[in-house]
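These notes are about the structure you will find just below.
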Amino acid sequence: MQLSDKQLSFFDTFGYLGFPKLFTSQEVSWIIEEFEMVIHTCGNGKNHDGSARTMIVPTIDHSSKLSTLLDDSRILGIASAILGDDFNYGSGDGNYYSGDTGWHPDGGYPELFAIKLAFYLDSLKSDTGCLRVLPGSHRLDSYWRTSNLDWNQSQDLLGILPAEIPGNVALETNPGDLVVFDHNTFHSAFGGSSRRRMFTINLHKHGKTEEELARVDGYIKHHCPVAHGFKIGGMYTDIILDTATPERLRHLEQCHERHALVHPNDTIIRPLPTP
Ligand SMILES: O=C(O)CCC(=O)C(=O)O
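The sequence shown runs 24 to 298 under the working numbering.
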């Protein structure tokens with residue numbers, strides 16, 4: 024799958040892109056089945072009572088079937104077009120969200136570095152917890168950022184609810200749709216249920232220079248499973264590594280190796296499988 028110049032310009036300008044109906048209903052069925060298996064058997068899903076968010080990191084790594092999303096030509100096409108075809112897989116979370124998520128970005132990088140692929144597994148409308156974005160907020164010099172306004176305090180500061188901030192976009196989705204956004208882009212969700220299912224695949228640029236490698240290391244420090252309290256012995260599970268094609272390994276190699284440098288005490292050294 025290729026992105027058009029217009030799609031790339033849209034992403035560059037606004038910091039997000041939507042892909043309605045990217046996956047078929049048959050694909051959605053197994054994706055949901057595997058997601059539920061992962062959050063129940065590897066995470067705390069069975070104890071989710073809706074009083075707080077239940078999260079697991081990683082998610083796709085715990086299922087050989089979900090791991091194949093990293094081999095999918097649609098995902099590869101989107102990721103390669105935005106980040107280059109040597110992009111790194113930077114782990115991802117699986118969630119039963121409960122209630123609102125306030126406005127926040129996932130990073131503040133001076134240039135495009137990391138993106139999030141968000142899979143929402145329920146139909147979500149603007150008043151039932153769909154993802155919202157502040158278009159253009161991925162740019163550090165945008166007013167969304169330079170104003171230094173706390174958009175979550177909009178009621179006190181501006182007399183409007185955070186969901187009513189002018190210019191924010193509610194990205195209503197159905198299962199099978201994919202939403203992609205720059206880590207820098209401010210996002211939120213309001214009005215959702217106490218069991219809003221969603222998982223992410225985070226991807227970032229391959230580090231080549233010393234400066235870029237330092238950025239990759241910083242990413243691993245803050246976004247890897249260990250950073251979220253999930254000690255799986257490295258950046259990835261054995262499942263995602265042992266079932267990897269040579270093409271998938273390209274996207275795992277750098278973070279697999281750098282994890283040992285960033286978190287030496289939480290890395291069980293293991294080689295990558297040989298093709
Ligand atoms: O759907 C949501 O509640 C927000 C998702 C989010 O904040 C994230 O993935 O970083």
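Positions of the beta carbon are idealized from the N, C-alpha and C atoms, including for glycine.
The beta carbon of Ala212 sits closer than 6 Å to the beta carbons of Thr124, Gly152, Leu154 from its chain, once the five residues preceding and following it are set aside; these are given in chain order. The beta carbons of Pro298 and Pro269 sit about 4 Å from each other, so the pair counts as a contact at 8 Å. Ile292 counts as exposed, since fewer than 16 other beta carbons sit within 10 angstroms of its beta carbon. A check of alpha carbon separations from Asn207 across Pro296, Leu194, His227, Glu195 identifies His227 as the nearest. In the DSSP assignment, Val285 falls within the unbroken alpha helix (DSSP H) covering 276-285.
Close CB contacts of His286 within its chain, under the 6 Å cut and outside five residues either way in sequence, are with Val249 (chain order).
Within 7 Å of the C-beta of His210 there is at least one heavy atom belonging to ligand 1. Secondary structure at Tyr39: strand, using DSSP grouped into helix, strand and coil.
In this structure Thr260 is buried. Its beta-carbon is surrounded by 16 or more other beta-carbon atoms within 10 angstroms. Annotation: Phe58 is outside any beta strand (DSSP E); the continuous alpha helix (DSSP H) that includes it extends over 48-64. Each residue's CA atom was taken as its position, placing Gly159 and Glu187 some 17 Å apart. When DSSP assignments are scanned along the region 202-279, the uninterrupted stretches of beta strand (DSSP E) that are 3 or more residues long and fall wholly within it turn out to be 210-212, 219-227. In the structure shown, Gly125 falls within a strand segment according to DSSP collapsed to helix, strand and coil. Put simply, the region 99-111 does not touch the region 173-187. Fewer than three CB pairs are less than 8 Å apart. For Tyr112, the three-state secondary structure derived from DSSP is strand.
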